[in-house]
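Asks: Counting along the sequence shown from 1, when you hit position 123 you're at 123 in our numbering, and nothing is skipped either side.
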Amino acid sequence: MTVSNYLINLIRATVRNEMPIEKLDDISWRDLFELAVFHQVDELAFFSVEKLKNKPEGEDRKLWIERHERSEVIDVLQREEAKLIIEEASKKQIGILPLKGTTFKNLYPNTLFREMGDLDFLIEPGKIDE
């Protein structure tokens, strides 16, 4: 099994809320982590990694945990900021429409599963300065 195939297995297990298969010895935790981060699916993988009997150890474990904790903070901040932006626009009677991840994030079983780098909104024309 390749690193890519194992990553897909972890994601599938998270999405289906199933027990993932244990990592094979020829797959590196570091390679798996780096691939998951590159594709921005590390949170999806993390939830399955946490179910494994043989979890990463040492520095590899630290990387997964630190990335997860960072994702938790970003998730909370983004959701709170989106809420504040919408509330402020509404108070000023400015038409605002959340777009893309800002909306889709809430459709996931866990908002951590949808990683995003920014918040996208469509604002009523001519009102952006307000």
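Each residue gets a CB set at the ideal place from its N, CA and C atoms; glycine is no exception.
Can you give the beta carbon distance from residue 85 to residue 127, rounded, assuming they're within the 8 Å contact cut?
Replies: Against the sequence shown, residue 85 aligns to sequence position 85. Against the sequence shown, residue 127 aligns to sequence position 127. That pair is no contact at about 13 Å.
Asks: Using a Cβ distance threshold of 8 Å, determine whether the region 6-26 contacts the region 38-58, with at least three qualifying pairs required.
Replies: yes
Asks: In terms of residue numbering, what span does the alpha helix (DSSP H) encompassing residue 128 cover?
Replies: By 1-based counting over the sequence shown, the position of residue 128 is 128. Neither: residue 128 is in no alpha helix (DSSP H) and is coded neither H nor E.
Asks: Going by other Cβ atoms of all chains shown within 10 Å of its Cβ, with 16 needed for buried, is residue 83 buried or exposed?
Replies: Counting from 1 along the sequence shown, the entry for residue 83 is found at position 83. So residue 83 counts as exposed.
Asks: In angstroms, rounded to a whole number, what distance separates the CA positions of residue 120 and residue 97?
Replies: As a position in the sequence shown, residue 120 is number 120, starting the count at 1. As a position in the sequence shown, residue 97 is number 97, starting the count at 1. Going by the C-alpha atoms only, they are around 9 Å apart.
Asks: Cα separation between residue 105 and residue 75?
Replies: Position 105 of the sequence shown holds residue 105. Position 75 of the sequence shown holds residue 75. One C-alpha to the other measures close to 9 Å.
Asks: Quick check on residue 42: buried or exposed, where buried means 16 or more other Cβ atoms within 10 Å of its Cβ?
Replies: Counting from one through the sequence shown, the residue named residue 42 turns up at place 42. Residue 42 is buried by the Cβ-count criterion.
Asks: Over the uninterrupted beta strand (DSSP E) stretch that includes residue 47, give me the two end residues.
Replies: Position 47 of the sequence shown holds residue 47. Element bounds for residue 47: not the beta strand (DSSP E) but the alpha helix (DSSP H), 42-49.
Asks: Pull up the distance between the alpha-carbon of residue 65 and that of residue 125, whole angstroms please.
Replies: For the purposes of this step, residue 65 is identified with residue 65 of the sequence shown, where counting begins at 1. For the purposes of this step, residue 125 is identified with residue 125 of the sequence shown, where counting begins at 1. One C-alpha to the other measures close to 43 Å.
Asks: What are the start and end residues of the alpha helix (DSSP H) that includes residue 26?
Replies: Translated into positions along the sequence shown, residue 26 becomes position 26. Per DSSP, residue 26 belongs to no alpha helix (DSSP H) and is neither H nor E.
Asks: I'd like the span of the beta strand (DSSP E) that includes residue 96, first residue to last.
Replies: By 1-based counting over the sequence shown, the position of residue 96 is 96. Counting along the chain, the beta strand (DSSP E) containing residue 96 begins and ends at 96-99.
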